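Chemist: Numbering-wise (this note's numbering), the sequence shown opens with residue 1227 and increments by one. Input: one structure, supplied below.
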Amino acid sequence: MFPPGVADAFERELGCTESEWLRELPGAVGGHALQRPAAGQAQVTIGDGCLHLRWTALPPRRLALIRIPRLQVEFRFEGVAAPVRQVFMSRFDLYLQRGGG
């Protein structure tokens, strides 16, 4: 979870494949318009602003015999106020949260 005030640009490493990411992305953005202008990119319209997403597959992380897929994702908000970014990312994170203990 983010502390108050989501930066307008940041990166994350996610433990998923690109196909998993693309399957979950429409639900994660909620009712916001989602466009895919090119491979490895998406744009989410948020009010009068937008969120630009770019991702790259990384080599899997190995833990003993387990292989965990990895995706490096860049988030860049443009024209989205800090409180709106916070609300958006809180919902986004909750949607993408996986089970566990």
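Every residue gets a Cβ at the ideal spot worked out from N, C-alpha and C, and that includes glycine. A quick note: this is a predicted structure, and the numbers were derived from the prediction, not measured.
Run through DSSP, which three-state label would A1312 get?
Modeler: According to the sequence displayed, residue 1312 carries Gln and not Ala. Helix.
Chemist: Specify, as a first and last residue, the run of the beta strand (DSSP E) that R1262 falls within.
Modeler: Where R1262 is concerned, there is no enclosing beta strand (DSSP E), given that its DSSP letter is neither H nor E.
Chemist: For L1297 versus E1244, is the C-beta distance shorter than 8 Å?
Modeler: Yes.
Chemist: What whole-angstrom Cβ distance do V1232 and A1308 have, given they're in contact under 8 Å?
Modeler: Confirmed, about 7 Å.
Chemist: Quick one: residues in its chain with C-beta nearer than 8 Å to the C-beta of P1263, no 5 flanking neighbours on either side, listed in chain order?
Modeler: Answer for P1263: Q1269, listed in chain order.
Chemist: Identify whether R1324 lies in helix, strand or coil by the three-state DSSP scheme.
Modeler: DSSP places R1324 in coil when its eight states are reduced to three.
Chemist: Looking at C-alpha atoms only, which residue of L1277, D1234, F1236 and G1241 is the closest neighbour of P1286?
Modeler: Closest option to P1286, Cα to Cα, is G1241.
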